[in-house]
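**Q**
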Amino acid sequence: MDKNDIQHEKFMDAAIKLARKAYENGDVPIGCVIVKDGKIIARGYNKRNLKKTTLAHAELLAIEQASKKLADWRLEDCTMYVTLEPCQMCAGAIVQARIPNVVIGCMNPKAGCAGSILNLLDIKQFNHQVEIIKGIRKEVCSQMMKSFFMDLRQGKINISKEK
Numbered sequence: 012m013d014k015n016d017i018q019h020e021k022f023m024d025a026a027i028k029l030a031r032k033a034y035e036n037g038d039v040p041i042g043c044v045i046v047k048d049g050k051i052i053a054r055g056y057n058k059r060n061l062k063k064t065t066l067a068h069a070e071l072l073a074i075e076q077a078s079k080k081l082a083d084w085r086l087e088d089c090t091m092y093v094t095l096e097p098c099q100m101c102a103g104a105i106v107q108a109r110i111p112n113v114v115i116g117c118m119n120p121k122a123g124c125a126g127s128i129l130n131l132l133d134i135k136q137f138n139h140q141v142e143i144i145k146g147i148r149k150e151v152c153s154q155m156m157k158s159f160f161m162d163l164r165q166g167k168i169n170i171s172k173e174k
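Here the numbering used here is used: position 82 in the sequence shown is 93, and no number is missing along the way.
Right under this line is the structure:
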């Protein structure tokens, strides 16, 4: 294992911790960190049910926090670590924020837009493309998603509108 692999695992572990917070809150367990110069500058985890809004995805919350921290909407020197492949909304935001690198835990065959359904991060006609690294802590990320949806089906998690 080289130095990059160790760094990727370290930052993905931080994203996994955030995903667990989402799980505890009854939200789909997705966590995200944004790193610049080897340091985490922003964190986000899924809060759609908590905040009652479609827009409260882990990636969007982290992008907003990173932009505030850097006082710039361009996150050109940053790397995003996210436990689940971004959806179309988040993939679009990643491109718009000019994030050059995204490290993904597990893929999302039902809604992923970084290669599963389509790859919005690498459309040549856009003015920005993103380098993707897939499968960092894949088993942990994948198992957390499976456990969440199993708990949801078994009624152990309540995500009703009445929360």
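Think of the CB as a built atom: it goes at the ideal place given N, C-alpha and C, for glycine as much as any other residue. Here the structure is a predicted model, which is why all the values come from computation and not from measurement.
Tell me the rounded alpha-carbon separation between residue 165 and residue 121.
**A** 21 Å
**Q** For the stretch 97-112 and the stretch 12-28, state whether three or more C-beta atom pairs, one from each stretch, are separated by less than 8 Å.
**A** no
**Q** With respect to the alpha helix (DSSP H) encompassing residue 62, which residues constitute its N-terminal and C-terminal limits?
**A** 59-62
**Q** Where does residue 124 sit, in a helix, a strand or coil, going by DSSP?
**A** In this structure, residue 124 counts as coil in the three-state DSSP scheme.
**Q** Indicate whether residue 112 and residue 95 have their beta-carbon atoms separated by less than 7 Å.
**A** no
**Q** Which of the three DSSP states, helix, strand or coil, is assigned to residue 116?
**A** strand
**Q** Give a yes or no on contact between the stretch 45-61 and the stretch 74-85, applying the rule of three or more CB pairs nearer than 8 Å.
**A** Judged by Cβ distances under 8 Å, the stretch 45-61 makes contact with the stretch 74-85, as three or more pairs qualify.
**Q** Please report the residue range of the beta strand (DSSP E) in which residue 142 lies.
**A** 142-145
**Q** Measure the beta-carbon distance from residue 147 to residue 37 and round it to whole angstroms, keeping in mind my assumption that it falls under 8 Å.
**A** Actually they do not touch by this definition, with Cβ atoms about 26 Å apart.
**Q** Tell whether a beta-carbon distance below 7 Å holds between residue 26 and residue 42.
**A** yes
**Q** Enumerated in chain order, which unbroken segments of the alpha helix (DSSP H) with a length of 4 residues or greater are wholly contained in the stretch 14-51?
**A** 14-35
**Q** Would you call residue 79 buried or exposed, if buried means 16 or more other Cβ atoms sit within 10 Å of its Cβ?
**A** exposed
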